[in-house]
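In this text, residue positions in the sequence shown follow my numbering: the first is -17, and each later residue adds one.
The C-beta atom is built at its ideal place from N, Cα and C for all residues, glycine as well.
Take a look at the structure set out below.
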Amino acid sequence: MWYMAFIRFIRRRIILALILLVSLSYCVVSYLQKNDFLDGDEVEPIRRTQPFIWRTLQQHNSTNEAEVYCRNSIQGKVLIVDDRGFVCPRQEVLLNGCCNDVSNTVNQYSCETCKSNNCCAIYEYCISCCLHPDKRDVLESVLGKAEQTNVLFASVADHFELCLAKCRTNSQSVQHENSYKDPRAKHCYGELSPGSSVEGEV
């Protein structure tokens, strides 16, 4: 019996109008709050939490050989580059992670496969060339432009990490999803894209 009384109560026009009014006011309030939420959804620039560490040529040359430990690129099948800028065959890597710099096959700051637009054919040579102290101005420019919009470049702590990331991830070297602008020089650390022409380069 109470069920029928409840149905009659809801069928009354006043109750239906009240439900409609409450629903409509809820929709309007929700819409206004949504706009306020979207206005506060602007992309904030990413700020570096720790200072960036540049390694100088003096630091590379003045280290005590007994206590040296190097980070290296790890992934190369044939070549490895360490954080001192030495490129070496994988079999020339010492137990401390450094390339054996007394070997004839080891070169420091080698730009062997690199072009004048700062793009290289081989990843390890890109890192080695990027680590050269003379490339600091190029890297500071790249870092300054990318730091505010790119989480990856804002999170790198030092020169070696920047070169690892920059040589590996360069959206400017990709033409389409799976093809490069210049497949022979796709690892870049500078601002120019691989297809860019540089004066004096043929």
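Spatially closest choice to residue i from the options, by CA coordinates
i: K127; options: N78, K148, R72, Y(-15); result: K148
i: V124; options: C9, S85, E173; result: E173
i: A167; options: C145, L144, I104, D83; result: I104
i: E143; options: A(-13), M(-17), I56, S7; result: I56
i: K97; options: I1, D164, R118; result: D164
i: Y162; options: L61, C101, A(-1); result: C101
i: R150; options: A139, S137, H169; result: H169
Cβ distance (whole Å) where residue i is taken to contact residue j below 8 angstroms
i: Y171; j: C108; result: 6 angstroms
i: I35; j: H114; result: Not confirmed; about 16 angstroms, so no contact.
i: C80; j: C112; result: That pair is no contact at about 18 angstroms.
i: T95; j: E74; result: Not a contact, Cβ separation roughly 18 angstroms.
Buried or exposed by the 16-neighbour rule on C-beta atoms within 10 Å, applied to residue i
i: L3; result: exposed
i: I(-4); result: exposed
i: F(-12); result: exposed
i: I1; result: exposed
i: N54; result: buried
i: K59; result: exposed
i: L77; result: exposed
i: E106; result: buried
i: L5; result: One detail in the question is off: residue 5 reads as Ser in this sequence, not Leu. Looking at its Cβ environment, which holds fewer than 16 other Cβ atoms inside 10 Å, S5 is exposed.
i: S186; result: Residue 186 lies beyond the residue range present for the chain, which begins at -17 and ends at 184; the question has no answer from this structure.
i: K16; result: exposed
i: N99; result: buried
i: L190; result: Any answer about residue 190 is impossible in this case: the structure gives the chain only from -17 up to 184.
Identified DSSP bridge partners for residue i
i: V4; result: V4 is not bridged to any residue.
i: L61; result: P71
i: H169; result: C102
i: I35; result: D140
Chain C contact for residue i (CB, 7 angstroms cutoff)
i: G58; result: The displayed structure is made up of one protein chain only, and chain C is not part of it.
When you compare the segment 66 to 78 with the segment 49 to 58, are there three or more beta-carbon pairs, one atom per stretch, that lie closer than 8 angstroms? Counting Cβ pairs under 8 angstroms, three or more are found: they touch.
Take every Cβ of the segment 68 to 81, pair it with every Cβ of the segment 89 to 99, and state whether three or more of those distances are shorter than 8 angstroms. Yes: the two stretches touch, three or more of their Cβ pairs being nearer than 8 angstroms.
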